[in-house]
Amino acid sequence: MTQQTASTAIDIGSRLELFIDQQIVETLTQTAFRLHAPQPQPPPANPVTGAYMSVLKDGDLYRAYGRRYDPTYTDERSDGNKGEITWYAESRDGREWTFPSLGLYEIDGSSDNSAILADRAPFCHNFAPFIDDRPGIESAARFKALAGTHPGGLHPFYSADGIHWEQVGDVPVISHEDFAFDSQNVSFWSSVEQCYVCYFRSWVTSHGRLRTISRTTSADYLHWSEPTPMDPNLPGEHLYVSGTHPYFRAPHIYIALPTRFHPDRGDSTDILFMVTRAGSTEYQRLFTEAFIRPGLDPQRWGNRANYAAFGVVPTGAGEISIYHNHSGQRYTLRTDGFISVNAGFAGGEFVTKPLLFTGIELLLNYSTSASGSLQVEIQEADGTPIPGFGLDDCAPIVGDEIERAVRWSGETDLAQLAGKPVRLRFAMRECDLFSIRFR
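The sequence shown begins at 46 in the working numbering and counts up by one.
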């Protein structure tokens, strides 16, 4: 091991690492990354539907927000018009939803509705809340949101309960001439970056003027940095609503589910999967094909028909959910199950870059077939197997688990290797590996 190897080793500590990019992967031999398609679930009795939805998990309560129309509104439905309403729903399991009667606004002659914002153009167009978990946050601002369109910009809103909202000031806090803001612009507190981050709609790409995504940061949610174009577009590719947010199990990884818009194909849309890491000004796209296709429903092949709600949330043991805005369809994946490293019947292996870790055991999220298997070898940074942690010392792992501790000669203890640069070699057959973590 050289000093250079030690200094360039990636310090993953005890954090969860998903195989959603090539951050820790050095070589793949007869293995490959595999994108997993979210699975549609049976429709609920009362689905959450609407435009630019947000789904938040607040302890044991799920909160959903979205846009609908006042049925009495008959004027032009332009972005930010007076007929737009922001509604609210609740759920205890993320599956079945209720729309509480809040009595805050009279709509169509009745206040028996779940509207949290009405007659507040243009803010109902794209109201995008989140729960601010910054340590020491004042209770009156536990919930925050940005809303607004162009011309104008994004205005901040605060709430203590996620239902009663107050606009903060009367001027936009993010406003730039070459940015659009006319779709869902999302923000959150980054525990890793220790600042607020906003991803919003813009036009600046290396391929010319295309619908795309820019990023800005703030220490106080009121004063924002000069935006940086994220530039994830392929040539000619239009991307709407990024939905970028920290993955709840790995806050250093930001998940993005942008809508890909095809103006030359009847304005049809589909949903992509991208990631970016905390502090990065680039998205990573291991896969450029659709993550969620329009499917068999003809109504899903029209304009604005495929948008994912802001927020991927856990909805059961080993399950995460993604919500489709307009249909109310809920899609599920296994926990961490966006992308895996996959080996087929012939078997294969992959090796990580040199890593530094803390902890005493290695946990895997994996799935094999009945004929499949997985083994792990720990190597020196130069690739030499460490005695006692070779492939032959690791009994083949067979099964399907979200969390499995690896054993070498029957033991899991890795304390002697913590803090030293090591590589991991995974030998696999008919297997998917979704994530790893030292603990």
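From the three backbone atoms N, C-alpha and C, an ideal C-beta is built for every residue, glycine too.
Boundaries of the beta strand (DSSP E) harbouring residue 307: 304 to 307, taken from the DSSP string. Going by DSSP, residue 480 is part of the beta strand (DSSP E) stretching over 467 to 483.
Counting only runs that start and end inside the segment 150 to 215, the beta strand (DSSP E) elements of at least 3 residues fall at 160 to 163, 173 to 176, 188 to 192, 200 to 204, 210 to 212.
In this structure, the CA atom of residue 260 is about 47 angstroms from the CA atom of residue 432. For residue 227, same chain residues with a beta-carbon under 7 angstroms away, outside a window of 5 residues either side, are 124, 194, 195, 246 in chain order.
Distance from the Cα of residue 310 is smallest, within the candidate group 324, 281, 454, for 281. Around the beta carbon of residue 91, fewer than 16 other beta carbons sit within 10 angstroms, so the residue counts as exposed.
Put simply, the segment 356 to 365 touches the segment 278 to 295. At least three CB pairs are less than 8 angstroms apart. Inter-residue distance for residue 428 and residue 330 is about 28 angstroms (C-alpha atoms, whole angstroms). When 384, 298, 343, 435 are compared, the shortest CA-CA separation from residue 333 is found for 384. The residues 419, in chain order, have a CB closer than 6 angstroms to that of residue 442 in the same chain once the five nearest residues on each side in sequence are set aside.
Counting along the chain, the unbroken beta strand (DSSP E) around residue 448 starts and ends at 445 to 450. Bridge pairing for residue 410: 480 [DSSP]. Residue 263: member of the beta strand (DSSP E) spanning 253 to 263, first to last residue. The beta carbon of residue 78 sits closer than 7 angstroms to those of 64, 331, 384, 386, all from its chain and outside the five residues before and after it, given in chain order. When DSSP states are grouped into helix, strand and coil, residue 461 belongs to the helix group.
Judged by DSSP in its simplified three-state form, residue 284 adopts strand. Between residue 101 and the set 155, 368, 179, 59, the nearest pair of CA atoms involves 368.
If only complete runs of 3 or more residues are kept, the segment 51 to 128 shows the beta strand (DSSP E) at 55 to 58, 70 to 74, 77 to 80, 96 to 103, 106 to 114, in order along the chain.
A residue is called buried once 16 or more other Cβ atoms fall within 10 Å of its Cβ, and residue 274 is buried on that count.
Linking residue 170 to residue 374 through their CA atoms gives a straight-line distance of about 21 angstroms. Looking at the backbone, the Cα of residue 73 and that of residue 192 are separated by about 44 angstroms.
In chain order, 396, 397, 400, 407, 421, 422, 423, 424, 481 place their CB closer than 8 angstroms to the CB of residue 469, counting only its own chain and leaving out the 5 sequence neighbours on each side.
Scanning 176, 141, 147 for the CA closest to the CA of residue 99 turns up 176. In the three-state DSSP reduction, residue 378 falls in the strand class (E or B). Under the three-state reduction of DSSP output, residue 343 falls in the helix class.
DSSP links residue 453 through a beta bridge to 439, 456. Per DSSP, reduced to three states, the secondary structure at residue 431 is coil, with no helix or strand assignment. Looking at 83, 479, 75, the one whose alpha-carbon comes closest to that of residue 377 is 83. Nearest neighbour of residue 361 by Cα position, chosen from 67, 95, 94, 105, turns out to be 105. The C-alpha of residue 68 is placed about 20 angstroms away from the C-alpha of residue 404.
Separation of the CB atoms of residue 339 and residue 313 is rounded to 7 angstroms, and the pair is thereby assigned contact status at 8 angstroms. The beta carbons of residue 319 and residue 388 sit no closer together than 8 angstroms. A Cβ-Cβ distance of about 6 angstroms is found for the pair residue 147 and residue 159, placing them in contact under the 8 angstroms criterion. Inclusion of residue 130 and residue 166 in the CB contact set at 8 angstroms is not warranted, their separation being larger than that value.
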